[in-house]
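Protein chains in written order, with the UniProt record's numbering: chain A, 1 to 210; chain B, 1 to 210; chain C, 1 to 210; chain D, 1 to 210. Using N, Cα and C, we set each Cβ at its ideal position, and we do this for glycine too. Owing to the predicted nature of the structure, the values given are computational and were not obtained by experimental measurement. Data block below; observations after.
Protein chains: 4
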Amino acid sequence: MSGTGTARGRIDKRQAILDAAFTVFAREGYAQAGVDVIAAEAGVAKATVYSHYGDKESLFRETVSASADRALAENLAVVERLTGAGEDLRATLETVGSKLLECYCADRSWALRRLLAAETGQFPDLLDVIHTRAADRVAEALADRLARLTVSGHLRTADPLLAADQFFALLSGPADKRARLGTRRTPDAELRAIAEAAVDTFLKAFGAQG
Amino acid sequence: MSGTGTARGRIDKRQAILDAAFTVFAREGYAQAGVDVIAAEAGVAKATVYSHYGDKESLFRETVSASADRALAENLAVVERLTGAGEDLRATLETVGSKLLECYCADRSWALRRLLAAETGQFPDLLDVIHTRAADRVAEALADRLARLTVSGHLRTADPLLAADQFFALLSGPADKRARLGTRRTPDAELRAIAEAAVDTFLKAFGAQG
Amino acid sequence: MSGTGTARGRIDKRQAILDAAFTVFAREGYAQAGVDVIAAEAGVAKATVYSHYGDKESLFRETVSASADRALAENLAVVERLTGAGEDLRATLETVGSKLLECYCADRSWALRRLLAAETGQFPDLLDVIHTRAADRVAEALADRLARLTVSGHLRTADPLLAADQFFALLSGPADKRARLGTRRTPDAELRAIAEAAVDTFLKAFGAQG
Amino acid sequence: MSGTGTARGRIDKRQAILDAAFTVFAREGYAQAGVDVIAAEAGVAKATVYSHYGDKESLFRETVSASADRALAENLAVVERLTGAGEDLRATLETVGSKLLECYCADRSWALRRLLAAETGQFPDLLDVIHTRAADRVAEALADRLARLTVSGHLRTADPLLAADQFFALLSGPADKRARLGTRRTPDAELRAIAEAAVDTFLKAFGAQG
DNA sequence: CATGAATGAGAATTCATTCAT
DNA sequence: GATGAATGAATTCTCATTCAT
């Protein structure tokens, strides 16, 4: 087992650097973030960061990618909940809506979105990667569920992808307004209220019994 | 009128610097933007930028403020159009929605939003200023109009401000998805389609004849 | 008399600039002193300073020269007092010594000496000018008086210039130590004590009745 | 001994920077001295200067402190020579006086004094440090010796510290006059003459057989 | 003549990156 | 493989000086 500690150590160091990088990039932005600072936050020497990730730009890409993968997983897990079943559609949508909002409003999510917005000019490819690999897939997954609910007669959506976008918009739009780009943490109760209002509007528009 | 050329010159220089600053900040971000580059873009010497605006930070603040003021004015002008009249409410909403989306998707608007997102950490006060001075006022103005339309029996909104937020969300949310943080210009026709879909959903939920 | 005010004005302005320059140069040193600051202190525009004195270096030279001339005049006036007469030689020497020390320890004198020390490297000629035009002439004048006192039998100085230098050294050396390069103002009483001690030693060495 | 070259290298670099800094500060003054120039003189990169000393001000302080420590050591070593013994007091005093003058007139000493005079306004604390840590201690040491010589009957000094100050003044005062703030190197022979004259006057005033 | 504005050259300081150990 | 030290390139800001009015 003597080597395990070291092997772990190496992996842990990689991860520690990635975590530190996210923290620092999120706090200071790409350009302002110092590699020294990241190294210090990770508890390693600056040169170690370089030996692991090559240069600042690569480190940034990997940091953002890892963060996006994580966000994707969280969001998909929530959407999965939207099974066709649910005796009470409204309650189910409200729960899913709330959970989506919680993901959306998590500190890490805001940090990631701010980072993307900030560095779109310098790293245009990151946006594509993340949209195609994460955001769009969540929307598609959501559209799938809405389509099934339409087929099963619980909803009436002519264009499920549009409906999914609008559902998400009804959630995120009002939440955006309160969150001030993530600088204010919105209480869960408020998120819940936003979700209920969103579902209410959504069902008025797309509910089967309209 | 003697001396007008020169007097204008001073003012023009201030304005040229501000325009150049917006261009460069928008393209490169606050930290990456070089004052040299801004000066060159404005056609003045670096020191002139400093003599006018003191330091880079102040220049940034003034640039952002001016840009926000301009955006506010444009948005309010659009909302004004939503007069209670309109024989055809749907058509009116669609027009207003389209125009709002055009403002929202203008290059300058995206640039401003990206800049705000990017620099929220370094300039937290800018967000407050802009939200209270611009964004919230547009929402309030929109809510006012919706309230009047409710009073006049054209709409049924229990909470006009919420309805306004949702209306705006139904517009901006789907547009966001296509615009990729402003890196893709969405054709006006597509914006129009988004607006029509938004109005459709909105009227299903809040229309008087529902 | 209408023109007088203006003519005065011009001269006053030159003088105001010179005074301001001395103040600022003395406070901040040549390199650190900003022409803006001097102009502000003088209550004129920066360009006015240039139109009067050409450039910073010339202004510095004139400032230092003027200050040195003034110091020379003050010192010579004191040495004049050392008339051959004086029933009480000791008392006369003590008075002259005190007065010399007061000149020596005046704020302006210290400021001038600090300035000279500071800028000797950049303005080597200033030193020569001042030494030959001021310091040496004071020493010579003092030596003259001591020579006369020797001829009249009041003193025994083999080399009056050496005696003058030593007399001055006995005054300024101990004062230097207390003044900390002019950062501490030494009370007149203390200066008097230094002068008395200096005269005491001087008379023991050069007094006629030894 | 492996690695000595490198380990030495680091220390040597620190020292090389300090030496270069003294040279350049002495030649150009604090404000005019460019860190580039210091770095070039030391044969290192500008950033290396910063990584060792933080900023220009700290570098200046350390440079001056080091120089003052060195001057103190040299002066004390000379004063030590003034042992009570000495069959020939006059010769001993002349030797000590000469040596003190040589220290006093060394290029480094003048440079240090000019630097202190120049930057007293910006760095008032340096003066205090140097006076209490160096100059005063030399004076005290000298006073100690004179006191012993008084006790042993070789001198008559009522106030040994005053006598020490006057002794030093008789040396440095006339030397000051010739050295023109260190811009002229005074030949040792002349210094010797000054010392002899100083001792002559001093012994007339304080000699035991007077 | 006095001025406000404009500027070019320069100076301190920082930081991503590389090397020797 | 991890590190401390060294560096070159960039960047913000200053200031003496000059013009047009």
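Practice task
Please determine, among D:Val79, D:Val35, D:Ser109 and D:Arg108, the residue with the shortest C-alpha to C-alpha distance to Thr95 (chain D).
Solution key: Nearest to Thr95 (chain D) by C-alpha distance, out of D:Val79, D:Val35, D:Ser109 and D:Arg108, is D:Val79.
Problem - Touch test, the stretch 22–36 of chain D against the stretch 20–37 of chain C, Cβ-Cβ under 8 angstroms, three pairs minimum - result: Counting Cβ pairs under 8 angstroms, three or more are found: they touch.
Handout entry: Neighbour-count burial assignment, Glu119 (chain B), 16 or more Cβ in a 10 Å radius
Key = Per the 10 Å Cβ criterion, buried.
Problem - 8 angstroms contact criterion, which Ala205 (chain D) and Thr201 (chain C) should meet: CB distance rounded - result: The pair is a contact, with the Cβ atoms about 4 angstroms apart (cut-off 8 angstroms).
Practice task
Kindly confirm or deny that the stretch 165–177 of chain D and the stretch 152–167 of chain C touch, where touching means at least three C-beta pairs closer than 8 angstroms.
Solution key: With contact defined as three or more Cβ pairs closer than 8 angstroms, the stretch 165–177 of chain D and the stretch 152–167 of chain C are in contact.
Handout entry: 7 angstroms Cβ shell around His154 (chain B) - same chain, five flanking residues per side excluded
Key = Leu89 and Ala208, listed in sequence order.
Handout entry: Residue closest to Ser67 (chain B), alpha-carbon to alpha-carbon, out of B:Leu127, B:Thr92, B:His52 and B:Leu101
Key = When each option's Cα is compared against that of Ser67 (chain B), the closest is B:Leu127.
Practice task
List the DSSP bridge partners of Ala155 (chain C).
Solution key: Note on identity: in this sequence residue 155 (chain C) is Leu, with Ala being the wrong assignment. Answer is C:Gly207.
Practice task
Measure from the C-beta of Lys204 (chain C) to each C-beta in chain D and report whether the shortest distance is under 8 angstroms.
Solution key: For Lys204 (chain C), a Cβ of chain D is located within less than 8 angstroms of the residue's own Cβ.
Problem - Minimum Cβ-Cβ distance from Thr150 (chain C) to chain D less than 8 angstroms - result: For Thr150 (chain C), the answer is no, since every Cβ of chain D falls outside 8 angstroms of its Cβ.
Exercise for the section: Out of B:Ser152, B:Pro160 and B:Asp159, state which residue places its alpha-carbon closest to the alpha-carbon of Glu87 (chain B). Expected result: When B:Ser152, B:Pro160 and B:Asp159 are compared, the shortest CA-CA separation from Glu87 (chain B) is found for B:Ser152.
Problem - Minimum C-alpha distance to Ala111 (chain A) - residue among A:Ser51, A:Arg145, A:Ala139 and A:Leu181 - result: Taking only the C-alpha atoms, the option nearest Ala111 (chain A) is A:Leu181.
Handout entry: Where the alpha helix (DSSP H) containing Arg90 (chain D) begins and where it ends
Key = Leu89 to Cys105 is the extent of the alpha helix (DSSP H) around Arg90 (chain D).
Problem - Counted within 10 angstroms of its Cβ, other Cβ atoms place Ala77 (chain D) as buried (16 or more) or exposed - result: Sixteen is the threshold: since fewer than 16 other Cβ atoms of the shown chains lie within 10 Å of the Cβ of Ala77 (chain D), the residue is exposed.
Problem - Residues of the stretch 160–183 of chain B with Cβ closer than 7 angstroms to any Cβ of chain A, in chain order - result: Here the close residues are Leu162, Asp165, Gln166, Phe168, Ala169, Leu170, Ser172, Gly173, Pro174, Lys177, Arg180, Leu181 and Thr183.
Practice task
Would you check if the distance between the CB atom of Ile17 (chain A) and the CB atom of Tyr50 (chain A) is smaller than 8 angstroms?
Solution key: Against a cut-off of 8 angstroms, the Cβ pair of Tyr50 (chain A) and Ile17 (chain A) comes out as no contact.
Practice task
Could you tell me how far apart the beta carbons of Cys105 (chain D) and Asn75 (chain D) are, in whole angstroms, since I believe they sit closer than 8 angstroms?
Solution key: Their Cβ separation, rounded to whole angstroms, is 12 angstroms, which puts Cys105 (chain D) and Asn75 (chain D) out of contact at 8 angstroms.
Problem - Opening and closing residue of the alpha helix (DSSP H) in which Val79 (chain B) lies - result: Lys56 to Glu80 is the extent of the alpha helix (DSSP H) around Val79 (chain B).
Handout entry: Residue from A:Ala39, A:Leu59 and A:Ala73 with nearest C-alpha to Asp136 (chain A)
Key = For Asp136 (chain A), the nearest C-alpha among the options comes from A:Ala73.
Handout entry: Separation of Arg133 (chain D) from Ala169 (chain C), as counted between CA atoms
Key = About 24 angstroms.
Handout entry: Three-way DSSP call (helix, strand, coil) for Arg185 (chain A) in this model
Key = Here Arg185 (chain A) sits in coil by DSSP.
Practice task
Check distances from the C-beta atoms of the stretch 21–53 of chain D to those of chain C and list, in chain order, the residues that come in under 7 angstroms.
Solution key: Cβ contacts with chain C come from Arg27, Glu28, Gly29, Ala31 and Gln32.
Handout entry: Selection from D:Leu116, D:Ile130 and D:Gly121 that minimises the alpha carbon distance to Ala26 (chain D)
Key = Considering only alpha carbons, the answer is D:Leu116.
Practice task
Taking Val129 (chain D) and Ser65 (chain D) to be in contact with their CB atoms under 8 angstroms, please state how far apart those CB atoms are, rounded to whole angstroms.
Solution key: Sure, about 7 angstroms apart at Cβ, within 8 angstroms.
Exercise for the section: Determine the direct distance from the alpha carbon of Ala45 (chain D) to that of Pro160 (chain C), and round the result to whole angstroms. Expected result: A straight-line Cα-Cα distance of about 56 angstroms links Pro160 (chain C) and Ala45 (chain D).
Practice task
Using a Cβ cut-off of 8 angstroms (strictly closer), state whether Leu126 (chain B) contacts chain A.
Solution key: No - not a single Cβ of chain A is within 8 angstroms of the one on Leu126 (chain B).
Exercise for the section: Measure the Cβ-Cβ separation of Ile38 (chain A) and Val24 (chain A) and say whether it is below 8 angstroms. Expected result: Yes, these two residues count as a Cβ contact at 8 angstroms.
Problem - Gly43 (chain A) burial status per 10 Å Cβ neighbour count (16 or more: buried) - result: Answer is exposed; the Cβ neighbour count stays below 16.
Problem - chain A contact residues for Thr201 (chain B), given Cβ-Cβ distances below 7 angstroms - result: Correct list: Gln166 and Ala205.
Problem - Collapsed DSSP secondary structure at residue 215 (chain A) in the structure displayed - result: Only positions 1 to 210 of chain A appear in this structure, which leaves residue 215 (chain A) out of reach.
Practice task
Note down the Cα distance separating Thr186 (chain C) from Val138 (chain C), rounded to an integer number of angstroms.
Solution key: Thr186 (chain C) and Val138 (chain C) have their C-alpha atoms roughly 23 angstroms apart.
Problem - CB contact check: Ala118 (chain A) to chain B, cutoff 8 angstroms - result: Closer than 8 angstroms to some Cβ of chain B, the Cβ of Ala118 (chain A) qualifies, so yes.
Practice task
Pull up the distance between the alpha-carbon of Ser109 (chain D) and that of Arg114 (chain B), whole angstroms please.
Solution key: Between Ser109 (chain D) and Arg114 (chain B), the C-alpha separation is close to 60 angstroms.
Exercise for the section: Measuring only between beta-carbons, confirm whether His154 (chain B) sits less than 8 angstroms from chain A. Expected result: His154 (chain B) does not count as touching chain A.
Exercise for the section: Give a yes or no on whether the minimum CB-CB distance between Ser97 (chain B) and chain A is below 8 angstroms. Expected result: Residue identity check: residue 97 (chain B) is Gly in the sequence provided, not Ser. Judged by the 8 angstroms Cβ criterion, Gly97 (chain B) is not in contact with chain A.
Problem - 8 angstroms contact criterion, which Ala71 (chain D) and Glu41 (chain D) should meet: CB distance rounded - result: Actually they do not touch by this definition, with Cβ atoms about 21 angstroms apart.
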